[in-house]
Amino acid sequence: MAVIGITACRKLEDYRQALLHVGGEVRILDPSMALDDALEGTDGVMLTGGGDIAPEHYGGAPHESLTDVEPERDAFELALVKEARKRHLPILAICRGIQVLNVACGGNLIQDIASEQTGSLEHNLKVPPNQPFSRAHEVWVEKDSLLASLLRERLESDSIDVNSRHHQAVKDVAPGFKVTATAPDGMVEAIEDPAVPFCLGVQWHPENFWRTGEFRPLFEGFLNAAQTSDARAR
Ligand code: MN
0 MAVIGITACR KLEDYRQALL HVGGEVRILD PSMALDDALE GTDGVMLTGG
50 GDIAPEHYGG APHESLTDVE PERDAFELAL VKEARKRHLP ILAICRGIQV
100 LNVACGGNLI QDIASEQTGS LEHNLKVPPN QPFSRAHEVW VEKDSLLASL
150 LRERLESDSI DVNSRHHQAV KDVAPGFKVT ATAPDGMVEA IEDPAVPFCL
200 GVQWHPENFW RTGEFRPLFE GFLNAAQTSD ARAR
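For the sequence shown, numbering that gives the first Met the number 0 assigns the number 0 to the initial residue and increments by one for each residue that follows.
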């Protein structure tokens, strides 16, 4: 069984359940761990949600809306992404996770959608996360992508409804990555590295739907990649 390392955060339970329901074994990675210990015996890394990344990591001046910055968590997760990629481990990055992934690989962020992008949709809907009405907006999924291949059976006309609880977003995508889902207002909602088997970030919260299974294929595909990765074969 593949062991998935998930980064510690305040609302871990849905991430855990989403992985347990597809047969994964979960271990929690937190900033007190040395990187080698965190990754020893770990077959895949899942980056979870949380507060904002300190903008010094991508060359920005702090915006007044910046919230819940955790310097130790930033340092740990940015280093974790780089090391996990070096070891060819599959990565699934959710919400804050897609932002960590993008920054770790050389991209940057919109620090506050509402004040920096006039006319954008509301992306920060704090309603019960797993209720139908919390499907905040649709995303358009790029046909030729890992994301599309995973969601193939659920995709109707290349779009899918998602929830949305973020006030920041990917701005310039990291070199080598491509944008594979966007909201109707143009916000980046998914990125992936096409050069490796599984390195995917999504801006919404698929883990909130583990009871009803809408995004189960994302977690299944991730676990499958972790089970068969070259890192594991070595
Ligand atoms: Mn959104």
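Glycine included, C-beta positions come from ideal geometry on N, C-alpha and C.
DSSP, read as helix, strand or coil, puts L108 in strand.
Of all alpha-carbon atoms in W209, N223, K142, E219, the one lying nearest the alpha-carbon of E12 is that of W209. From the listed residues L222, W139, T179, R164, the smallest Cα separation to R95 is found for R164.
Restricted to the region 38-105, the alpha helix (DSSP H) segments that are unbroken, complete and at least 4 residues in length are 70-85, 95-103, listed in chain order. Cβ contact annotation for V21 (same chain, cutoff 6 Å, sequence separation greater than five): F218, E219, L222, in chain order. Remark: C-beta atoms of L46 and T6 approach each other more closely than 8 Å.
With fewer than 16 neighbouring CB atoms inside 10 Å of its own CB, P174 falls in the exposed class. Of E188, A147, G59, the smallest CA-CA separation from E137 is found for E188. Between the region 182-198 and the region 45-63 there are fewer than three inter-stretch CB-CB distances shorter than 8 Å, so the stretches are not counted as touching.
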